[in-house]
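Peer 1:
Here's what the structure looks like:
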C-alpha cells in the first residue's frame, strides 16, 4: 500500500479522519478539502405531488430504511396516531425488492396502506404510504419536515443526510452513522439532526417537533459550504493540471 500511495502527487480527503488513514500509510500528499456530498443538485423537472389531498396531513418520512427499521417506524406511527389521527407515515425503503415483506409487516398491524402506484387513491384514513420505485425520493422529501434516515439503527453506517437537510427538515437517526460522521456532527450542532436509539426515543423526539413547529433555514448554509468545498477542490487540482 505504501509503495502504491507514493505514486500519487495529491490525495484529497473529505475529513481529518480520512487524512489520518492515508498518513498511517505515509501518504505525505494528503490534504483535507471537505466532503463533496455537501454539493446538492436539484432536479429542475421534479413533479409536484401536493395535489393528492395531503396538505392537512402531518407527514413523517422513514427514508432509506433497512430490515427492522420500518417496523420501528410503524410502531412509532401507531403510538402517535392516538394523539395525531391525521398522521401519514411514508416509508421509502433502501431496497425496493423488500416491498412485499414490508407490506406484510404493515398488514400485521391492521393499518391502512397504499403503495406509490396507488397514490391517487390516498384517503384521510390511509396510515402508511410505501414508495415502491427508485428516483422519486426528492419529490417526497418536499412533503415533510420530519424525516428518519435509516441504515442507522443497524450497524450499516447511515445514509447521506445533506439532501434531507437541504429541504429544511428535521432529521432523526440512530447511533450508527460512522460513514457520514462530520455531516451528522454538523447537523446536530445546528439542532437539525437528533440521535435516537429506540422506538421510545423516536416517539419522544418526533412528538416534540410536531407539538412545537419551527422553521429551519439551513439550505443556504449548505449551498455555501458546498460551493466553498468545490472551489477549494478545483484550486488544489489546478496546480496539477497541465494546460
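Numbering (the working numbering), first residue to last: 6 to 248.
For glycine and all other residues, C-beta sits at the position ideal for the given N, C-alpha and C.
For the alpha helix (DSSP H) containing residue 111, name the first residue and the last one.
Peer 2: Segment 104 to 112, the alpha helix (DSSP H) holding residue 111.
Peer 1: Hey, how far is the Cα of residue 147 from the Cα of residue 189?
Peer 2: Roughly 20 angstroms between the two C-alpha positions.
Peer 1: So who's on the other strand from residue 18, going by DSSP bridges?
Peer 2: Its beta-bridge partners are 37.
Peer 1: Could you please give the first and the last residue of the uninterrupted beta strand (DSSP E) stretch that includes residue 118?
Peer 2: Here the beta strand (DSSP E) through residue 118 covers 118 to 120.
Peer 1: Smallest Cα separation from residue 178: which of 122, 156 and 231?
Peer 2: Cα-wise, what sits closest to residue 178 is 156.
Peer 1: Going by Cα to Cα distance, which pick from 16, 23 and 31 is closest to residue 7?
Peer 2: Selected option, being the one with the closest Cα: 31.
Peer 1: Could you pull the start and end residues of the beta strand (DSSP E) that residue 93 belongs to?
Peer 2: Here the beta strand (DSSP E) through residue 93 covers 92 to 98.
Peer 1: Comparing alpha-carbon positions, which option in 122, 114, 78 and 123 lies nearest residue 205?
Peer 2: Ranking 122, 114, 78 and 123 by Cα distance to residue 205 puts 78 first.
Peer 1: Pull the bridge partners of residue 70 from the DSSP assignment, please.
Peer 2: According to DSSP, residue 70 bridges with 98.
Peer 1: Scan the stretch 145 to 198 and note each continuous alpha helix (DSSP H) run of 4 residues or more that stays entirely inside, going in chain order.
Peer 2: You should have 167 to 171 and 186 to 194.
Peer 1: Assign residue 59 to one of three DSSP states: helix, strand, or coil.
Peer 2: Note: residue 59 maps to coil in three-state DSSP.
Peer 1: Taking the C-alpha atoms as reference points, what is the distance between residue 96 and residue 120?
Peer 2: Their backbone Cα atoms lie some 9 angstroms apart in a straight line.
Peer 1: Do the CB positions of residue 16 and residue 235 come within less than 7 angstroms of each other?
Peer 2: In this structure, residue 235 does not lie closer than 7 angstroms to residue 16 by Cβ.
Peer 1: The alpha helix (DSSP H) spanning residue 223 covers which residue range?
Peer 2: Segment: none, residue 223 is in no alpha helix (DSSP H) and carries neither H nor E.
Peer 1: Residue 232 to residue 126, Cα distance in whole Å?
Peer 2: Computed Cα separation, rounded: 42 angstroms.
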